[in-house]
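Each residue of the sequence shown is one higher than the last, beginning at 0 in numbering that gives the first Met the number 0. Ideal placement from N, C-alpha and C gives every residue a C-beta, glycine not left out. Bear in mind that the values here come from a model prediction, so they are computed numbers and not experimental data.
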Amino acid sequence: MQNNKNTVRKRVTAWDFVLMAVLVCVAVSAIFIQHKSNDELLEVVVKKDSEIVYTQSLSSVSRETDVPIDNEYNIILRVMPDGVQVISSECGDKICVNTGKITRSGQAVVCLPAHISVTLRGGESEADVIVG
Ligand SMILES: [Zn+2]
Numbered sequence: 000m001q002n003n004k005n006t007v008r009k010r011v012t013a014w015d016f017v018l019m020a021v022l023v024c025v026a027v028s029a030i031f032i033q034h035k036s037n038d039e040l041l042e043v044v045v046k047k048d049s050e051i052v053y054t055q056s057l058s059s060v061s062r063e064t065d066v067p068i069d070n071e072y073n074i075i076l077r078v079m080p081d082g083v084q085v086i087s088s089e090c091g092d093k094i095c096v097n098t099g100k101i102t103r104s105g106q107a108v109v110c111l112p113a114h115i116s117v118t119l120r121g122g123e124s125e126a127d128v129i130v131g
């Protein structure tokens, strides 16, 4: 009787391990897939005050492209397949240039003197909009 119980318990433990391994695999691949799709849906949005003056989906950018943002401060935006950066601006503080490259959804470069904000957005919530 005692022996039998032990055998059953051992088998259950082994199955628990298998189940755990499967769950971990599913969880890891889910995170990976989600992360990947977020990257593919990244979109640059440039606003002056609250008005959108430029948008670009990074998935359609194959190489570095310099984009002048029509503005009194001659801001030049460098759009890359994996991010975006303000490379030149005639504003006083140059905080926008010093911010460097942004690569993730939700990050932003702001130029206060020029009233310009450059943000990256993306993720599941935008999927419908882009695909449609
Ligand atoms: Zn600036």
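Quick check on the burial criterion: 16 or more other C-beta atoms within 10 angstroms. Buried or exposed for residue i?
i, result
"residue 127", "Here residue 127 scores only 45 on pLDDT, less than 50, and its place in the model is too uncertain to base an answer on."
"residue 129", "The predicted position of residue 129 is uncertain, since its pLDDT is 45 and thus under 50; a value taken from the coordinates is nonetheless stated next. Residue 129 is exposed by the Cβ-count criterion."
"residue 124", "At residue 124 the pLDDT is 47, less than 50, meaning the model places this residue with poor confidence and gives no usable figure here."
"residue 85", "buried"
"residue 119", "buried"
So if DSSP puts residue i in a beta bridge, which residue, or which two residues, is it bridged to?
i, result
"residue 67", "75"
"residue 84", "77"
"residue 30", "Residue 30 pairs with nothing; no bridge assigned."
"residue 120", "42"
"residue 24", "Bridge partners of residue 24: none, in fact."
"residue 108", "117"
"residue 54", "44"
I think residue i touches residue j, with their Cβ atoms under 8 Å apart; what is that distance to the nearest whole Å?
i, j, result
"residue 108", "residue 79", "With a Cβ gap of about 13 Å, residue 108 and residue 79 do not count as contacting."
"residue 89", "residue 72", "5 Å"
"residue 24", "residue 74", "Going by Cβ atoms, the distance from residue 24 to residue 74 rounds to 46 Å, so no, they are not a contact pair."
Does chain C have any CB closer than 8 Å to the CB of residue i?
i, result
"residue 62", "No chain C is part of this structure, which consists of one protein chain only."
Please determine whether the Cβ atom of residue i lies at a distance below 7 Å from any heavy atom of ligand 1.
i, result
"residue 93", "yes"
"residue 113", "yes"
"residue 88", "yes"
"residue 24", "no"
Would a C-beta distance cut-off of 8 Å place residue i and residue j closer than the cut-off?
i, j, result
"residue 144", "residue 82", "With the chain represented from 0 up to 131, any question about residue 144 goes unanswered, as that position is not in the structure."
"residue 53", "residue 30", "no"
"residue 57", "residue 41", "yes"
"residue 115", "residue 47", "yes"
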